[in-house]
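Novice:
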Amino acid sequence: MGVPFIDIKRQIEPLKKEIMMAIEEVIDGGAFILGKQVQELEEAIAKLIGATGAIGVSSGSDALLVSLMALGVKGNQSVITTPFTFFATAGAIARLGATPIFVDIEPDTFNILPEKALEAVRKDTVGFLPVHLFGHMADLEPILDFAKQKNLFVVEDSAQSILSQSPLGFASTIGTMGVFSFFPTKNLGGFGDGGMVVTMDDDLLERVRILRNHGAKPKYHHLYVGGNFRLDTLHAGILLVLLPRLKEWTEKRRGIAKRYMELFEQTGLCERGLVTLPCERHGFRHVYNQFVIRARRREELCSFLREKGIGFAIYYPEPLHLQPCFSYLGYKEGDFKEAERACREVIALPIFPELTKTEQEEVVGRVNDFYSRNDFGEG
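Residue 197 in the numbering used here sits at position 186 of the sequence shown, with consecutive numbering throughout.
1) Give a yes or no on contact between the segment 60-71 and the segment 308-321, applying the rule of three or more CB pairs nearer than 8 angstroms.
2) What's the C-alpha gap between L253 and K228?
3) Could you say which of M211, V219, G71 and I104 lies nearest to S169 if we only look at CA atoms?
4) Buried or exposed for K27, going by 16 or more other Cβ atoms inside 10 Å?
5) Pick from F95, E167 and R352: whose alpha carbon is nearest that of F113?
6) Are three or more beta carbon pairs between the segment 369-388 and the segment 124-132 nearer than 8 angstroms?
7) Tell me which residues share the same chain as R296 and place their Cβ nearer than 7 angstroms to its Cβ, disregarding the 5 neighbours each side in the sequence.
8) What residue does the beta strand (DSSP E) around A65 start on, and which one ends it?
9) So, for L215: in the same chain, excluding its five sequence neighbours on each side, which residues have a beta-carbon less than 7 angstroms away from its beta-carbon?
10) Compare the beta carbon distance of N198 and V137 with 7 angstroms and say whether it is the shorter of the two.
11) On a CA-only basis, which of G13, I34, V14 and Q22 is nearest G397? Give me that one, please.
12) Buried or exposed for G41, going by 16 or more other Cβ atoms inside 10 Å?
13) Where V14 and F145 are concerned, what is the direct C-alpha to C-alpha distance, given to the nearest angstrom?
14) Under the assumption that P364 contacts W260 (Cβ atoms under 8 angstroms), give the Cβ distance between them as a whole number of angstroms.
15) Considering only their Cβ atoms, is the gap separating S192 from G206 smaller than 7 angstroms?
16) Are there 16 or more other CB atoms within 10 angstroms of the CB of G390, so buried, or fewer, so exposed?
17) Helix, strand or coil for H246, going by three-state DSSP, please let me know.
18) What three-state label does DSSP hand R305 in the structure shown?
19) Hey, quick one: how far does the beta strand (DSSP E) through F157 stretch, first residue to last?
20) What separation, rounded to the nearest whole angstrom, lies between the Cα atoms of G83 and K161?
21) I'd like the list of long-range same chain contacts for T369, defined as Cβ closer than 7 angstroms, with 5 residues on each side in sequence excluded.
22) Between N87, L76 and R220, which has its C-alpha nearest E53's C-alpha?
23) Could you say if the segment 97-113 and the segment 324-337 meet the contact criterion of at least three C-beta pairs nearer than 8 angstroms?
What follows is the structure, encoded as structure tokens:
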């Protein structure tokens with residue numbers, strides 16, 4: 012039996028009637044740009060995580076960009092981030108002419124290594140852009156303490172981690188600013204691109220609100236050189252239908268992750284060093300946007316799973332410091348060993364709230380079949 016990597020239709024089908032009603036409400040209201048649903052979604056997200064405020068924008072990528080714009084990031088500055096993440100994180104820094112400074116990652120959470128981040132600070136460094144990857148928050152306490160002392164910003168890339176928590180609080184509420192993505196595959200995924208900027212700072216909140224609308228306040232009077240970063244009313248209306256289910260969906264993801272752990276432990280693959288499971292650190296709450304394992308002979312495993320109809324994905328096959336577009340930064344292979352090793356070893360297995368126990372058993376069974384049919388020895 013085949014198992015899809017993700018099946019958005021299963022999630023949407025029971026809500027189709029409500030979603031169509033929400034779409035009709037937007038159509039009947041006629042306010043397709045910054046209609047009331049946008050503000051309602053902003054207020055609901057802020058209330059959910061205890062933030063001062065939130066601003067809906069056109070995508071998670073644009074949320075990163077407009078956050079850095081609001082903080083005044085420019086060409087003679089540098090921002091510290093991770094090489095093991097989606098391109099948009101470092102891309103936002105580079106688009107403003109600033110320099111991304113990459114540092115290596117933790118082997119267990121795949122998140123930025125705090126001590127390396129602090130060591131990388133230069134005279135031109137103005138802040139940090141850590142990523143809460145796959146649903147597990149980065150350890151930000153050392154970075155936040157240092158940033159406060161040195162008057163540097165911390166922007167949390169929480170695109171994959173809405174409702175994730177650390178001992179310090181919810182993702183996107185503990186730094187200077189934070190961002191979420193509503194890309195369809197996210198835990199709160201819409202029907203297209205969308206994002207949100209979150210902050211506890213009223214001045215930054217207002218600046219982002221102005222920047223997302225070409226920097227104008229009032230209309231045709233431009234305080235900043237902004238852009239068209241608005242969240243569509245239609246997307247906001249749909250997300251308002253989905254948002255009340257987010258907590259339930261998150262608990263289901265956590266339950267599925269727990270079941271994966273139990274099934275893998277029964278195979279003995281972990282003890283043999285063939286598979287390494289995701290971690291959840293004490294005091295943290297993983298929301299499992301992805302269920303990412305490390306696997307020996309990853310490429311051969313991928314071929315086997317593809318042949319058997321088991322969905323998977325590789326997040327990420329190539330680290331950012333080795334991407335052609337960042338060659339001007341002068342990094343080379345071997346500079347960030349953990350990030351490079353992760354790119355060789357990680358594989359994301361199917362996880363979505365409607366994934367069944369039978370499907371999980373099939374996934375783990377096929378992984379076990381692969382290693383059972385091949386002599387890989389001990390780890």
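Here a beta-carbon is modelled for each residue, glycine too, at the ideal position from N, C-alpha and C.
Specialist: The structure says:
1) No contact exists between the segment 60-71 and the segment 308-321.
2) One Cα belongs to L253, the other to K228, and the distance between them is close to 31 angstroms.
3) Looking at the Cα atoms, G71 is the closest of the given residues.
4) Counting Cβ neighbours within 10 Å, K27 comes out exposed, since fewer than 16 surround it.
5) Taking F113 as reference, the option from F95, E167 and R352 with the minimal CA-CA separation is F95.
6) No, they do not touch.
7) Contacts found: S175 and Q176.
8) Counting along the chain, the beta strand (DSSP E) containing A65 begins and ends at G64 to V68.
9) Answer for L215: A81 and M188, listed in chain order.
10) Contact flag unset, no.
11) Since the displayed the chain opens at 12 and closes at 390, residue 397 lies outside it and no answer follows.
12) By the neighbour-count rule (16 or more Cβ atoms within 10 Å), G41 is not buried but exposed.
13) Between V14 and F145, the alpha-carbon positions lie close to 20 angstroms from each other.
14) Indeed, because the Cβ distance is near 4 angstroms, the residues count as touching under 8 angstroms.
15) Yes, the Cβ-Cβ distance between G206 and S192 is below 7 angstroms.
16) Low local confidence applies: a pLDDT of 45 at G390 is under 50, so the model's placement there is unreliable, with the coordinate-based value given in what follows. That one is exposed.
17) In this structure, H246 counts as helix in the three-state DSSP scheme.
18) In the structure shown, R305 adopts extended strand secondary structure according to DSSP, grouped into three states.
19) F157 -> not in any beta strand (DSSP E); alpha helix (DSSP H) instead, spanning E152 to K161.
20) Within the model, the alpha-carbon separation for G83 versus K161 is close to 17 angstroms.
21) Its chain contains no residue whose beta carbon lies nearer than 7 angstroms to that of T369 once the 5 sequence neighbours on both sides are disregarded.
22) Nearest C-alpha to E53 among N87, L76 and R220: R220.
23) Below 8 angstroms, enough C-beta pairs join the segment 97-113 and the segment 324-337 to call them touching: three or more.
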